[in-house]
Structures are given as C-alpha cells and as structure tokens.
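Peer 1:
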Amino acid sequence: MAVHATVTPATTTARPPHRRGRGPRGNEAVAGWLFVAPVIAILGLFLLLPILMALWVSLTDWNGQGSPFTSQVPFVGTENYTRLFTEDGLERRDFMTSIRNNLYYVVIVVPAQTALALGLALIVNNRLLKGKSFFRSAFYFPSVTSSVAISVVFLFLFANSGAVNKLLAVLGVDGPQWFADSRGVLHLLFGVVGVDGPPAPLADGGPFGLSWWDWLSGPSVAMTSIIALVVWTTSGTFMLMFLAALQNVPVVLDEASSLDGATRWQRFRHVTLPLIKPTMFLVLTLGLIGSWQVFDQVYVMSQGDPAKTTLTPAYLSYRTAFRDFDYGSGAAISFVLFLIIIALTLVQRRIMADRDGRRGAWRRLPGRGGRS
Amino acid sequence: MTTLTNRPAAAPPAPAGRRRAGTGRVLASRILGYAVLIFFGLVFLYPFVIQIGNSFKTEPDAAANPLSPIPDPLTFDGFERIFAGTNFPLWLGNSLLVTVLVTLGRVFFDSLAGYALARLRFPGRRWLFAAVVAVMAVPPVVLLIPKFLVLNQLGIYNSYPGLVVPLLADAAGIFIMKQFFESVPVSVEEAARIDGAGVFRTFWSVVLPMAKPALITLTILSFQGSWNEFPHSLVSVQDPDLFTLPRGLADLVSGSLGKGTQYPLKLGAALLATIPVAVIFVIFQRYFVRDESAGADKG
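From first to last, the protein sequence lines stand for chains A and B. The opening residue of the first sequence carries number 0 in numbering that gives the first Met the number 0; numbering runs sequentially from there. The opening residue of the second sequence carries number 0 in numbering that gives the first Met the number 0; numbering runs sequentially from there.
1) Given A/Y314, which residues of its chain have a CB within under 7 angstroms of its CB, disregarding the five upstream and five downstream residues?
2) Short of 6 angstroms in beta carbon distance, which residues of its chain neighbour A/S328, apart from the five on each side in sequence? Order them along the chain.
3) In the structure shown, what three-state DSSP assignment does A/G183 receive?
4) Please list, in chain order, all residues of the same chain as A/L274 whose beta carbon is under 6 angstroms from its beta carbon, the five residues on each side excluded.
5) What distance in whole Å lies between the Cβ atoms of A/F241 and A/A116, which are believed to be in contact at a cut-off of 8 angstroms?
6) Between the C-alpha atoms of B/V106 and B/F180, what's the straight-line distance to the nearest angstrom?
7) Would you list the residues sitting across from A/T59 in a DSSP beta bridge?
8) Going straight from the alpha carbon of B/V99 to that of B/F222, what length do you get?
9) Under DSSP, the alpha helix (DSSP H) around A/K276 begins and ends at which residues?
10) Under three-state DSSP, which class holds A/S316?
11) Is there at least one Cβ from chain A nearer than 8 angstroms to B/G77's Cβ?
12) Taking C-beta pairs closer than 7 angstroms, name the residues in chain B that A/I50 reaches, listed in chain order.
13) Look at the Cβ atom of A/G204, then the Cβ atom of A/S210, and state whether they are nearer than 8 angstroms.
14) When DSSP labels each residue in this structure, what does A/S224 get in the three-state scheme?
15) According to DSSP, is A/S328 part of a helix, a strand, or is it coil?
16) Hey, how far is the Cα of A/G193 from the Cα of A/L187?
17) Below 8 angstroms on C-beta distance, what does B/L264 contact in chain A?
18) Here's a check: name, in chain order, each residue in its chain whose Cβ is nearer than 8 angstroms to the Cβ of A/L170, leaving out the five neighbours to either side.
19) What residues match up with A/S219 in a beta bridge as DSSP calls it?
20) Count the other C-beta atoms from every protein chain shown that fall within 10 angstroms of the C-beta of A/K129, then say buried if there are 16 or more, exposed otherwise.
21) Can you confirm whether B/G92, when its beta carbon is compared against all beta carbons of chain A, has any partner nearer than 8 angstroms?
22) For the region 291-325 of chain A, list every residue whose C-beta sits within 7 angstroms of some C-beta in chain B, in sequence order.
23) How is the alpha helix (DSSP H) around B/L244 delimited, first residue to last?
24) Strictly below 9 angstroms CB to CB, what residues from chain A border B/Y114?
25) Name the chain A residues whose beta carbon is nearer than 7 angstroms to that of B/A190?
26) Please confirm whether A/L42 and B/A168 have their CB atoms less than 8 angstroms apart.
27) Taking 7 angstroms as the limit between beta carbons, can you name the residues of its chain near B/G267, skipping five residues before and five after?
28) Kindly indicate which residue of A/I107, A/Q71, A/T69, A/W32 has the alpha-carbon position closest to the one of A/L287.
29) Classify A/L117 as helix, strand or coil using the three-state DSSP reduction.
30) For the 8 angstroms Cβ check, are there 3 or more pairs between the region 226-236 of chain B and the region 151-169 of chain B?
31) Please classify A/S333: does DSSP put it in a helix, a strand, or coil?
32) Below 8 angstroms on C-beta distance, what does B/F321 contact in chain A?
33) Measuring straight from C-alpha to C-alpha, what distance separates B/F287 and A/L167?
34) Taking the beta carbon of A/S66 as the centre, do at least 16 other beta carbons fall within 10 Å, making it buried, or is it exposed?
35) Would you say A/S256 and A/R263 are within 8 angstroms of each other, going by their C-beta atoms?
36) Using only alpha-carbon positions, find the residue among B/L41, B/P138, B/V48, B/V25 that is nearest to B/I69.
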C-alpha cells in the first residue's frame, strides 16, 4: 500500500535530506502531521492517557474524592488484583461469580449466534426464493437499533405476564418469572434427574472460593433472557458476513456436486463449509471477543440481579467503581477483562494472518459486532 | 471438492427420472424455504410490532394482552406522558446535538487522518497506522473508568464537551477512510498538484468529492453509533439535564424513576428513540449492508 506514494521520482533514495527541505516532500511531512494531529489528540487524550491513568488508579485505593494523582491517595500496589484471585472474601466471590456467569453466557451465545447467523444466511442465499432482500433487512435490523431501546422491549416481552410467557402458556408451559429467577439452568436439569442440592463432594472446595456446585450452576433463568436478546440482536450482523462469503462460493461448484448426486447436506458439509471456513472462524472469534463485553443489556435489564447471577465482569467493574466508590478495585477488574479480550484478539489476528497474508490485512471493524 | 468434480459423468438414464422427482422436490423445498423465512421474519420483526402496538395501549390492556399488536382501546396516553411527565424533549435535544457534532467531527477528522495515512508521506506514518489498528482492538467497556478519570481530571466531567469531544474521532472510521483513499487513482491528485494546489486544497476539493460513497458510509455509521451510544454518556455526565436519549431511557427503566410497570410509556419512549435510526436504515440500507459485506468481501 505504501507503494502509492503521490510523487515518486527517482530521488526517493535521497529521502532524509530531501524531506527537511522545502518543496513537495517537506510540505507533505508537515501536512501529514497536521492532518493526523486532531485524531492523535482525541485518541491520545481520551483513550491512551486514560488507560494509563486507570492503570495507576488500579494500584491505589482512590475513593473518588479529589484527584487520584496526589500523595494523599493510598498506594496499595497489586493488592486490588490479588484480592480478586487469592484472598477469600466478598470481592473474590463476586468477581468469580461474574466470570462464571460470563463463561456460561459465552458458551451459549457464541455457538447459538453463529449457527443462527449461518442458517439465516443459507436461507437468504437460496436462489429459489423471492423477497430475500426484505428478509435480509428484517434479520439485520435489530443489529442497528439502540441496545438500550431494545432491552426495554425485551423487558416487556419477558415480563411475568409478558408475551413470552403468554406464548409458552399456549404451548402448555408455565413460564418462569424471568428476571426474578436466579436458579441455574444446569441446576434445574440436575433437579430433573433428582439431584436437588449439592452432593457432598461438590458442596464446597471449588477453585477461587466458589464451590463446585456454584461453578456448575449454568446460566440463571434471568441470564437466559439476556442471552436470547443478544443472540437475536447480533446474528443479523454475522449473517451478513456469512452471506458475503456464500456469495463467493461459485454456483457451478454447487451445481456440479448436485449433478453428481450429492445430497443437500453433503454439498453443505463438503463444498460450502470448507469454502466459508475463514468467515466461520472470523464470526466465532468476533463472537468470543464481543461476548466478554456484555454491559448495556445487564445495566438496563437486570443490574446484576437476581442473586448476582447476571453480574458480568464489565458490569461488576462499573458497579464497584461508580456505586461502591472503590475505583481501585473497579479499575483492576477492568484490566483483567482487558487482558482476557486482548488475548482473544491477538489469537484471532495471529491465526487470521497465518491463514492468508492478504486476508490477514483485513480486520472486522469493532462496533456492532459484539453488541456489548 | 476435487474429488466431487473428478467423478465421471452421471449415468445417462438418471437425468430424466431425476428431473421429475426434482421438480416436486424443488417445490417442496421452496415451500419449506418460505415457511422458514416467514418464521424467522416473525421472530425478528414481531417484537417491534408488539412494541408499536403496546405503546398505544392503556396499561391494563398492555398487561393483559401483551401479544396482541392491536390496542383496545387506542390511546395516546403513554406518549402524552412521555412529553409531559418525563424529560424526553430534553434528552431528544441533547441526543440531536451530540449526534450532529460527533458525526460532523468524525467525518472530518477521520477523513483527514485516513487521507494522510493513505497518501501523504510523513515520518511515523506506518507506526501511526499500526497504532490505529491497535486502538480498534481496545474494547469500549474497559474504558468506562478510564474515561471518567480523564474527564474528571480535565474538569469536563458532567458537561457538553465531556459528552462530545471524546467521541469526535474513532479508529474504525479512520480505517474505513484510509482503505477507501487507497483505492482512488493517484493520477487525479497529481494533476491537481501540478496545477499548484496545496495538500489541503487537493484533499478538500479534489479527493474528498470523489469519496462520496465512503463519506456516506462513515456518516451513517457515525450517526448510528453516536445516536445509540450509551456507556460513554453513563461515565461522562450525571446531571439529568445532560442526559442523552439512551441514558434517559435507561434511567426511566432502571434508575431513579422507579420500577413501576408503565409499559406503554417505556415502549413508546424506546420506539421514539428507535425511529431515527430505523428511517436512516430504510433509506440507506444499501450502505449499511455494503459496509458489512464489503469488509467481509475483502476478508
């Protein structure tokens, strides 16, 4: 890309002295920096600098009073971090609960949104159907709406006598009180096979201060409604990615294999799927990255309740800082979350780059993908 | 796939028989296809239908018949209370102001930077572009506390500048513009330069007018992003007079205004907050879709 320099006379070898002088090259250097200056100022001041400030605050016990950068603020070193992992107490329990909640959330959201997105893309890509562009827009529309506004709608849908429970009643199912129900889905399943409480070996002794039984709760009923909302809003975006990949699958290939007598499933499994593998990988990793950032929905719909079963690290860090005024701990939680997400991002970029040099140059733009 | 294509041609008698069976199967799969399409169409659109219907209902009606899209009786009571009983007009004004300023800022600053990164030769350019790509990976939710810290330190917490200035540029927008400018032929600029136009003149009156599709895309993304922006307003202001629509809406549902049901009112407010983006989506959906798929095409 650097090849497209504007003026490339043979003199490029003598660049350094040339650049200092006047003339086009010197102008360009000045102009270049002037052009990027506003952006550097904004991103530097409101992105890079704040991260450094928060790193400092995460090493202190700042309570929100006055400036965190004075000598009066107690410096506590890595205590805010160690308390999250090694000291038994409420903080570690809350943090580990949020990690557990988010893990179950990821384990359900990522496969569900990927499968739904691929399914929708396959239908919308079907050559035999008409009106596809309408449906494509319909599936995508939730992705562009406000997360807060759509959370309000889902609060209504999942209300105790709301639309979802009315539908379930039609099917003869007695719907739960979604946002008041802290029972874990796995616990409920254990209950079905007669295990109603923790068996002795699971009653305590799990890692990081939570009992094995607590780790094995599954997402709470309340969390499943947030999961439903997120899968519903994100799959449209991912559908478009799959659609773009599917449109690059040569029609002749599909037809040829069809003439060869391959069934629909065989064609999908052996022709389509291998060709859209890079997109599949992209969608999976973007889903992984995005689903660790769930915040807006939790803020609007449940605030971490009931019984902390919808608490996520992102929401916990917010609450710890802005409600409990423990900015040090809140910032520490943010940085742990940051590490988790950055690790996932690096893995993604590494593999994308390895897969194909040219493809590696492209990255999905952040923003709507994760729908955080 | 090579194994499939390398197989010998199908036996001669097969096609005729298969075609007859095929038309039946095609019809069946077409019907099934439409059934699936309509089912998912309902799944994705019916919540909005419910939202619209229930915002025109009385509270008891909304509570008793949440599934029905038809209000019985029809009432504008919810909307009246939105405008009379909440700060909705204020939120709307704030949202408009923030959205217009942020969109203008992003379009201008992102294009400037994108152009410089694509075309101008200056020391540190590669490094800067790497920084932009790195910044795109920073997850917004971990910036909640950091942003509050810096706004507080700069003395612009709880002010319009605090609400607007941090959003005036975004790495993704710079990336989009850079990609676009790289696709514009250099010859046009060279001609302008030879005519004696300065760098900014060349950018402003020659290159930028050619960047219309990218500018439309960026405008739409910025509009949508800043109109829906929630976490930033959460950590940059606390004065209710400075709330934007998403913030006010969140407050209406979970905050100080209490947990009372009032569903017609809440759904109506959420509906009004959704309309601008919905209108833009319907008019410009080509660009929404193109953005996503253009990216994936390159991918």
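The beta-carbon is built from N, C-alpha and C at its ideal position, and this holds for glycine as well. Small disclaimer: the values here were computed from a predicted structure and weren't measured.
Peer 2: Judging by the given coordinates:
1) F294, V297, Y298, G303
2) N79, T319
3) strand
4) So the qualifying residues of the chain are V248.
5) 6 angstroms
6) In a straight line, the C-alpha of B/V106 is about 14 angstroms away from that of B/F180.
7) A/F74
8) 7 angstroms
9) 276-290
10) helix
11) no
12) P145
13) Taking a C-beta distance under 8 angstroms as the contact criterion, A/G204 and A/S210 qualify as a contact pair.
14) helix
15) helix
16) 10 angstroms
17) Neighbours of B/L264 on chain A: none; closest Cβ ~10 angstroms, over 8 angstroms.
18) none
19) DSSP, once it has assigned bridges, lists A/G183 as partnering A/S219.
20) exposed
21) no
22) Listed by position, the residues of the region 291-325 of chain A near chain B (Cβ gap below 7 angstroms) are Q292, F294, D295, Y298, V299, Q302, A313, S316, Y317, A320.
23) 244-253
24) F34
25) Going along chain A, no residue has its Cβ under 7 angstroms from B/A190, so there is no contact; the nearest lies around 11 angstroms.
26) yes
27) Excluding the 5 residues flanking it on each side, B/G267 has same chain C-beta neighbours closer than 7 angstroms at S54, G77, F78, I81, in chain order.
28) A/I107
29) In the three-state scheme derived from DSSP, where H, G and I count as helix and E and B as strand, A/L117 is classed as helix.
30) yes
31) helix
32) Because residue 321 of chain B is not part of the residues shown, which for chain B are 0 to 298, the question remains open.
33) If you take the alpha carbons of B/F287 and A/L167, they lie about 35 angstroms apart.
34) exposed
35) no
36) Checking every option, the nearest Cα to that of B/I69 belongs to B/V48.
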